[in-house]
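*Asks:*
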Amino acid sequence: MHTRFLSMGALALATFGAYPATALAQTEEPITIVINQSPWLPGFQAVVELYEKTSGNTVDLDVNPFAGSLEKQRTAVRADASPFDLLIMNAGFFTEFYTGGFIKPLKEISDSFELSEDIYTFDDSVCWNADARTITCDGGELLAVPVNPNVLILHYRRDLYEEHGLEVPTTWEQLYENAKVLKTDSRYGISQRGQRGAFDVTYDVFPYIWSHGGGIVDQLEDGSFQISMNAPGTKAGMETYIRLANEVGHPSTAGQTQTNVIQNMATGRAAHINSVPAPGLFDDKNQSAVVGQVDYAPPPGTTEIPSVTPLGHWLAGIPRNTSPEKQKAALAFLTWFQTDEAQRAYAEAGSMPVSRAVLESEMADQEEYRWMKAMAEALPNSRLTFTFPEASQVLAITELRFNQAIGGELELSEALNTAADEIAVVLEGAGYSFVLPDPLP
Amino acid sequence: MRADGIWRYATLLPAILFFALLTFLPLANLVALSFHEVEWNEATAVWNWVGAENFLALPADNLLRAGILNTVIFAVVAVALQMIIGFFLALWTTQVIRGRLFYRTIFILPILVPGIIIGAIWKLMYSYDFGVINSALGVFGIGPVDWLGNPNLALLSVIIVDVWHWTPFCFLLLLAGLESLPKDVFEAARVDGASDRQMLRYITLPLMLPTLIVTFVFRMILAFKVFDEIYLLTGGGPGTATEVISYTIYRRFFTEDQVGYGAAMSIAVIALIAVMILTATRATTRKADQS
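Going line by line, the protein sequences match chains A and B. Sequential numbering of the first sequence, starting at 1, is according to our numbering. Sequential numbering of the second sequence, starting at 1001, is according to our numbering.
1) Taking 8 Å as the cut-off, decide whether the C-beta atoms of threonine 309 (chain A) and leucine 152 (chain A) are in contact.
2) Rounded to whole angstroms, how far is the Cβ of tyrosine 1261 (chain B) from the Cβ of tyrosine 1247 (chain B), which I believe are closer than 8 Å?
3) Taking the beta strand (DSSP E) that aspartate 218 (chain A) falls in, what are its first and last residues?
4) Along the segment 262-296 of chain A, what residues have a CB closer than 9 Å to any CB found in chain B?
5) Tell me the residue span of the beta strand (DSSP E) that contains glutamate 1037 (chain B).
6) Roughly how many whole angstroms lie between the Cα atoms of arginine 1100 (chain B) and glutamate 1179 (chain B)?
7) Just to confirm my understanding: we take alanine 278 (chain A), look at its own chain, exclude 5 residues before and 5 after, and list those with CB closer than 8 Å. What are they?
8) The beta strand (DSSP E) with histidine 164 (chain A) in it runs from where to where?
9) How would you call arginine 1197 (chain B), buried or exposed, if buried means at least 16 neighbouring beta carbons within 10 angstroms?
10) According to DSSP, simplified to helix, strand and coil, what is tyrosine 491 (chain A)?
11) Assign isoleucine 1097 (chain B) to one of two classes, buried (16 or more other C-beta atoms within 10 Å of its C-beta) or exposed (fewer than that).
12) I'd like to confirm the pairing. Which residues does DSSP put opposite valine 63 (chain A) in its beta bridges?
13) Check methionine 89 (chain A) in the structure and name its three-state DSSP category.
14) Sorted by chain position, which residues of the same chain lie with C-beta nearer than 8 Å to valine 1185 (chain B)'s C-beta, five sequence neighbours on each side aside?
15) At the 8 Å Cβ level, is threonine 1240 (chain B) part of the contact set with chain A, yes or no?
16) So alanine 374 (chain A) packs on histidine 272 (chain A), CB below 8 Å; how close in whole Å?
17) Just checking: is the beta-carbon of leucine 1304 (chain B) within a distance shorter than 8 Å of some beta-carbon in chain A?
18) Which stretch, first to last residue, makes up the alpha helix (DSSP H) that contains threonine 980 (chain B)?
19) Valine 77 (chain A) versus chain B: which residues are under 8 Å apart at the beta carbon?
20) Exposed or buried, proline 207 (chain A), counting other C-beta atoms within 10 Å across all chains shown (16 or more means buried)?
21) With a threshold of 8 Å between beta-carbons, can glycine 100 (chain A) be considered close to chain B, or not?
22) Between A:Glu117, A:Ala198, A:Phe386, A:Leu416, which has its C-alpha nearest phenylalanine 1254 (chain B)'s C-alpha?
23) At the level of alpha carbons, what is the spacing between glutamine 26 (chain A) and glycine 56 (chain A)?
24) Using a Cβ-Cβ cutoff of 7 Å, what residues of the segment 1105-1138 of chain B are near chain A? List them in chain order.
25) Once DSSP output is grouped into helix, strand and coil, what is the label at threonine 253 (chain A)?
26) Can you pull the DSSP bridge partners for glutamine 226 (chain A)?
27) With distances taken Cα to Cα, identify the nearest neighbour of valine 86 (chain A) among A:Glu114, A:Val48, A:Thr54.
28) Anyone know if the C-beta pair for proline 146 (chain A) and isoleucine 190 (chain A) falls short of 8 Å?
29) Give me, in chain order, the residues of the same chain whose beta-carbon lies closer than 8 Å to that of asparagine 1062 (chain B); leave out the 5 immediate sequence neighbours on both sides.
30) Do we get a CB-CB distance below 8 Å when we pair glutamine 226 (chain A) with the residues of chain B?
31) Taking its Cβ as the centre, do 16 or more other Cβ atoms sit within 10 Å of glutamine 258 (chain A), making it buried, or is it exposed?
32) Pick out whichever of A:Arg269, A:Asp218, A:Ser211 has its Cα sitting closest to the Cα of valine 290 (chain A).
33) Using alpha carbons as the reference points, say which of A:Asn129, A:Arg383, A:Trp210, A:Ala420 lies closest to isoleucine 103 (chain A).
34) Using only the alpha-carbon positions, how far apart do alanine 316 (chain A) and phenylalanine 333 (chain A) sit?
35) So, is the C-beta of glutamine 448 (chain A) closer than 8 Å to a C-beta in chain B?
36) Are isoleucine 1267 (chain B) and valine 1031 (chain B) close, meaning C-beta to C-beta below 8 Å?
This is the structure in structure tokens:
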């Protein structure tokens, strides 16, 4: 009897005790977000859980490998009805979703929606001017909200720098000298991503080639293009990259993936890496042998062109072919995601916020968030990589040719000249006007 | 009697139609696609007729050329090794009296492991910095060896994985073939004083030839379609060292979103493989008939 009384009491307590958790009635339709698997996913998952807890709404994540996520997004927006209500688009490929007319302007869902002034617009990549077919907020419509501010940041071993009395490098030459000092039989001076993938080695060579005055394809003010893949600056940048790889880097740089590079840093096998920060990882004693020993700085540059880094950010867009209720629910999530609360929670979960206010807040002074200052310093010098929908075809070319040059399969000038000619074929096929420079000697 | 025949065909018709729809419709769609270029505008697909342009661009495609060459090398070397190892393992297993079931189970284990797991296992084993293979070699003062990053070694490394993965397939088919051979022929040969080598050369191999041909053709078809091992281990690199046809089609069709060109490539490759398989089958069947 006594036991039964206690059991009933426990049941009543559980019922009423659980009440506050269910008190937040779901106000929006459940939504599904398609996203890629990466070191930054756990942070996004944590912030989604917080949203569900605070709003009572339901969000499902459809997680895929990087290339698989792009294919799923394409298939979804081209179907009669999209199974996904929010697409997490990568900086390399978002233009094809804009130009294809697949993304619903956010103000068409709710006229009152505004992008918070604290949120970075990343070279206006959140807007699209359909008439001018240009990425710009000047006359363009707001199509997306940034989710992750992915840019390359120099990671270096703070403890080794202190031990050897080194200064944080601002030029590639200084980085080379420091890497030479820190290189040992069991430690690489630097570990670089050189493997060919969807947007892998190309992304990582941008800081080198841009800071030497080179590039891949630049859009000119009149809308035409300048192929700079075989410009002297691109060659100089690649020579710097290859010199680091050959003299102080990993012996298998052409075979290194992002995972390998991060792994080399986390296990203490690399003194430097250039990577999108995964700060939660390096300070987690379950995943890292260098807890508290990694510090961050903007990527080096040259004496003529200082640090410049490519935007690899993620943008969240709502497909046109999902129901108005789902679109409204997706916008509710994006509205909440911009708040200070959400952005701070995102940082606390080990990801990088897209809010300037949070990046430059008192959080940046805390040891745990020491990467924020480097990020805030690098972001003003970040650039969009590709601004046309045929980016995936150009990337297939550059990924192969950069990889061949790094691996020594092709001589550098030959690799760059070949790639430039191949890019010209893509641009010509797409009907663009462009300039192809004379081949490198 | 005639009514029986009509009834027989009538009952088969739904299955034939179903099969035809599943097989020919996608193929017809692929053929149609191969003569077009598809653009997306206002969320609508626009099919632009390009005639044979997609097919004419194929010979100049450096990735496709590398893919064909690597696929042929991969298929010939991997399947040859699988056939040889599989045959001798099967031969040995038929001679084992105790524990035959145990060995059979052990030998077929790799084929039961999903491709994605195999990729993960071997990628870890091949890792330059942390792999067990390089660690083992290090004990003898060798290496480290760049198994997947060295253009001269990468294809061989993938072939080793494929041999490990698919030899059980050959083993299984060839074991079934060996176990079904008539025993009296071997007994008679033994009575006549034939040695083991002579029995293998003059009895086992000729009798096994039909099974060997079927196994070879099956494996060649599968080897030409290799994708998962390349996708997981090397991504076609370094450079084009491990680029194979299926992976090139995947890149062109899906990653680069060139669906018309990718369709043309698929059709050309289907035709190429069909010709190669037919030629190989015809040649080996003729040989079997002769013997």
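Each residue gets a CB set at the ideal place from its N, CA and C atoms; glycine is no exception.
*Replies:* Per the coordinate set shown:
1) Residue 309 (chain A) sits at position 309 when you count from the first residue of the first sequence. Residue 152 (chain A) sits at position 152 when you count from the first residue of the first sequence. It is a contact, given that the beta carbons lie within the stated cut-off.
2) Mapped onto the second sequence, residue 1261 (chain B) falls at position 261. Mapped onto the second sequence, residue 1247 (chain B) falls at position 247. Their Cβ separation, rounded to whole angstroms, is 15 Å, which puts tyrosine 1261 (chain B) and tyrosine 1247 (chain B) out of contact at 8 Å.
3) Within the first sequence, numbered from 1, the residue matching residue 218 (chain A) stands at position 218. Counting along the chain, the beta strand (DSSP E) containing aspartate 218 (chain A) begins and ends at 217-219.
4) For chain B, the residues of the segment 262-296 of chain A that bring a beta carbon within less than 9 Å of one of its beta carbons are Gln263, Asn264, Thr267, Arg269, in chain order.
5) Along the second sequence, read from residue 1 onward, the residue named residue 1037 (chain B) stands at position 37. Per DSSP, glutamate 1037 (chain B) belongs to the beta strand (DSSP E) from 1036-1041.
6) Here the question's residue 1100 (chain B) lines up with position 100 in the second sequence. Here the question's residue 1179 (chain B) lines up with position 179 in the second sequence. The C-alpha of glutamate 1179 (chain B) is placed about 12 Å away from the C-alpha of arginine 1100 (chain B).
7) On the first sequence, position 278 is the one that residue 278 (chain A) refers to. Excluding sequence neighbours, alanine 278 (chain A) sits near Pro39, Trp40, Ile262, Gly350.
8) Here residue 164 (chain A) refers to the residue found at position 164 when the first sequence is read from its first residue. Histidine 164 (chain A) -> not in any beta strand (DSSP E); alpha helix (DSSP H) instead, spanning 158-164.
9) Taking the second sequence and counting its residues from 1, one reaches residue 1197 (chain B) at position 197. Taking a 10 Å sphere around the C-beta of arginine 1197 (chain B), we find fewer than 16 other C-beta atoms and assign the residue as exposed.
10) Nothing can be reported for residue 491 (chain A), as the shown portion of chain A is limited to 1 through 441.
11) One-based indexing of the second sequence puts residue 1097 (chain B) at position 97. So isoleucine 1097 (chain B) counts as exposed.
12) Along the first sequence, read from residue 1 onward, the residue named residue 63 (chain A) stands at position 63. In the DSSP output, where bridge partners are listed per residue, valine 63 (chain A) has A:Ile35.
13) Along the first sequence, one-based indexing puts residue 89 (chain A) at 89. Methionine 89 (chain A) falls in the strand class under three-state DSSP.
14) As a working mapping, residue 1185 (chain B) is identified with position 185 in the second sequence. Only Ile1203, Leu1207 meet the Cβ criterion.
15) Taking the second sequence and counting its residues from 1, one reaches residue 1240 (chain B) at position 240. Cβ-Cβ to chain A under 8 Å: yes for threonine 1240 (chain B).
16) Walking along the first sequence from the start, residue 374 (chain A) turns up at place 374. Walking along the first sequence from the start, residue 272 (chain A) turns up at place 272. Rounded, the Cβ-Cβ distance is 13 Å, inconsistent with contact.
17) This structure cannot speak to residue 1304 (chain B), because chain B is shown only from 1001 to 1291.
18) As displayed, chain B neither begins before 1001 nor continues past 1291, which places residue 980 (chain B) out of reach and without an answer.
19) The residue you call residue 77 (chain A) lines up with position 77 of the first sequence. What valine 77 (chain A) touches in chain B: Ala1043.
20) Your numbering for residue 207 (chain A) matches position 207 in the first sequence. Proline 207 (chain A) should be labelled buried.
21) Translated into positions along the first sequence, residue 100 (chain A) becomes position 100. Chain B, which has a Cβ nearer than 8 Å to the Cβ of glycine 100 (chain A), makes this yes.
22) As a first step, residue 1254 (chain B) is located in the second sequence; it is residue number 254 there, counting from the start. The candidate whose alpha carbon is nearest that of phenylalanine 1254 (chain B) is A:Ala198.
23) As a working mapping, residue 26 (chain A) is identified with position 26 in the first sequence. As a working mapping, residue 56 (chain A) is identified with position 56 in the first sequence. Cα to Cα, the separation comes out at about 5 Å.
24) So the list reads Tyr1128, Asp1129, given in the order they occur along the chain.
25) Sequence index remark: in the first sequence, residue 253 (chain A) carries index 253 (1-based). DSSP places threonine 253 (chain A) in helix when its eight states are reduced to three.
26) Within the first sequence, numbered from 1, the residue matching residue 226 (chain A) stands at position 226. Glutamine 226 (chain A) pairs with A:Asp218, A:Val435.
27) Here the question's residue 86 (chain A) lines up with position 86 in the first sequence. One detail in the question is off: residue 86 (chain A) reads as leucine in this sequence, not valine. Out of A:Glu114, A:Val48, A:Thr54, A:Val48 has the C-alpha closest to the C-alpha of leucine 86 (chain A).
28) Position 146 of the first sequence, counted from the start, is the residue given in the question as residue 146 (chain A). Position 190 of the first sequence, counted from the start, is the residue given in the question as residue 190 (chain A). No, Cβ-Cβ distance for proline 146 (chain A) and isoleucine 190 (chain A) is not below 8 Å.
29) Looking up residue 1062 (chain B) in the second sequence gives position 62. Thr1240.
30) Here residue 226 (chain A) refers to the residue found at position 226 when the first sequence is read from its first residue. Cβ-Cβ to chain B under 8 Å: no for glutamine 226 (chain A).
31) As a working mapping, residue 258 (chain A) is identified with position 258 in the first sequence. Buried.
32) For the purposes of this step, residue 290 (chain A) is taken as the residue at position 290 of the first sequence. Selected option, being the one with the closest Cα: A:Arg269.
33) In the first sequence, counting from the first residue as 1, residue 103 (chain A) sits at position 103. Measuring from the Cα of isoleucine 103 (chain A), the nearest candidate turns out to be A:Asn129.
34) One-based indexing of the first sequence puts residue 316 (chain A) at position 316. One-based indexing of the first sequence puts residue 333 (chain A) at position 333. Linking alanine 316 (chain A) to phenylalanine 333 (chain A) through their CA atoms gives a straight-line distance of about 10 Å.
35) Given a span of 1 to 441 for chain A in the structure shown, any question on residue 448 (chain A) remains unanswerable.
36) Mapped onto the second sequence, residue 1267 (chain B) falls at position 267. Mapped onto the second sequence, residue 1031 (chain B) falls at position 31. Result yes, Cβ atoms of isoleucine 1267 (chain B) and valine 1031 (chain B) sit closer than 8 Å.
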